[in-house]
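In full-length UniProt numbering, the protein residues as written are 1 to 212.
Here a beta-carbon is modelled for each residue, glycine too, at the ideal position from N, C-alpha and C.
Here the structure is a predicted model, which means the values were calculated and not measured.
Have a look at the structure below before the remarks.
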Amino acid sequence: MANKQDSSTAGKQTDRSASIRTIGGVVAIVAVLAAAVCVAIFGYRAYDVYTSQGPTQSARDEATGAAEQAMLNVTTIDPKDMAGFDKRLESSFAGDALTQVRQQIVGSLEPTLKQAGDQVGSTSSRIVRSAPTEVNADENSAQVLVYLAVTGKTPGQAAETPNTMGFLVGMSKIDGTWKAVKVTPLDGIAVQPTESAQNGSTPSSEAPAGGN
Numbered sequence: 001m002a003n004k005q006d007s008s009t010a011g012k013q014t015d016r017s018a019s020i021r022t023i024g025g026v027v028a029i030v031a032v033l034a035a036a037v038c039v040a041i042f043g044y045r046a047y048d049v050y051t052s053q054g055p056t057q058s059a060r061d062e063a064t065g066a067a068e069q070a071m072l073n074v075t076t077i078d079p080k081d082m083a084g085f086d087k088r089l090e091s092s093f094a095g096d097a098l099t100q101v102r103q104q105i106v107g108s109l110e111p112t113l114k115q116a117g118d119q120v121g122s123t124s125s126r127i128v129r130s131a132p133t134e135v136n137a138d139e140n141s142a143q144v145l146v147y148l149a150v151t152g153k154t155p156g157q158a159a160e161t162p163n164t165m166g167f168l169v170g171m172s173k174i175d176g177t178w179k180a181v182k183v184t185p186l187d188g189i190a191v192q193p194t195e196s197a198q199n200g201s202t203p204s205s206e207a208p209a210g211g212n
């Protein structure tokens, strides 16, 4: 009788062990499947970031940097080196924006240079802040807000108090290079010859509302 009980007990333990092994195997399989699913999901997300978000981030950074440089170029003016100024404009502007910058800034400074001689002033600028408001990597276009502090300087005089200016810059990637194709001053002021500039003081440093 005792042997039968022992055999029965041993059989139950064997069955239980087999069940545990079976359950363990199922759990292991589920874990492997879950891991495979996680790898697939995260792999897809990484691919999506690289193929979709990556180009957008790159376009955002490049367009913002180019917009900053364009506005630095147009608000940093040395009337004694207009050839260099025009070369910088060509590297940063295109289309109607380039045409208008040349007409409004270069055109207004030429008569001023003749009148003022060595006493003509200059301007320098620095970026205060900037931020893209719209980026389309597929169409290679962007809109960037740029704020600068522009300082005028007249020979023999102390530098003027910096004047903060804001611009909305329309950017387009042309032949692999981001350039400004439209510039809208946030205060609505475009380049105009000023009385102080005609008297030999610092030239106007307002950027044009290009592309309108």
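- Scanning Gly156, Ala159, Val135 for the CA closest to the CA of Val169 turns up Val135.
- Bridge pairing for Val183: Val169 [DSSP].
- Listed in chain order, the alpha helix (DSSP H) runs fully inside the segment 48 to 81 are 54 to 75, counting runs of at least 4 residues.
- By the CB criterion at 8 Å, Ala142 and Thr164 fall outside the cutoff.
- Our two residues, Lys153 and Thr64, have alpha carbons roughly 28 Å apart in a direct line.
- In this structure, the straight-line span from the alpha carbon of Thr151 to that of Asn73 is close to 14 Å.
- Put simply, the backbone Cα of Gly54 is about 43 Å away from that of Ala159.
- For Ala97, the enclosing alpha helix (DSSP H) starts and ends at 95 to 101.
- Membership of Asn136 in the beta strand (DSSP E) is indicated by the continuous run 122 to 136.
- One alpha carbon belongs to Ala70, the other to Asp138, and they sit about 22 Å apart.
- In the three-state scheme derived from DSSP, where H, G and I count as helix and E and B as strand, Ala83 is classed as helix.
- In this structure, Thr123 places its C-beta atom within 8 Å of the C-beta atom of Ile77.
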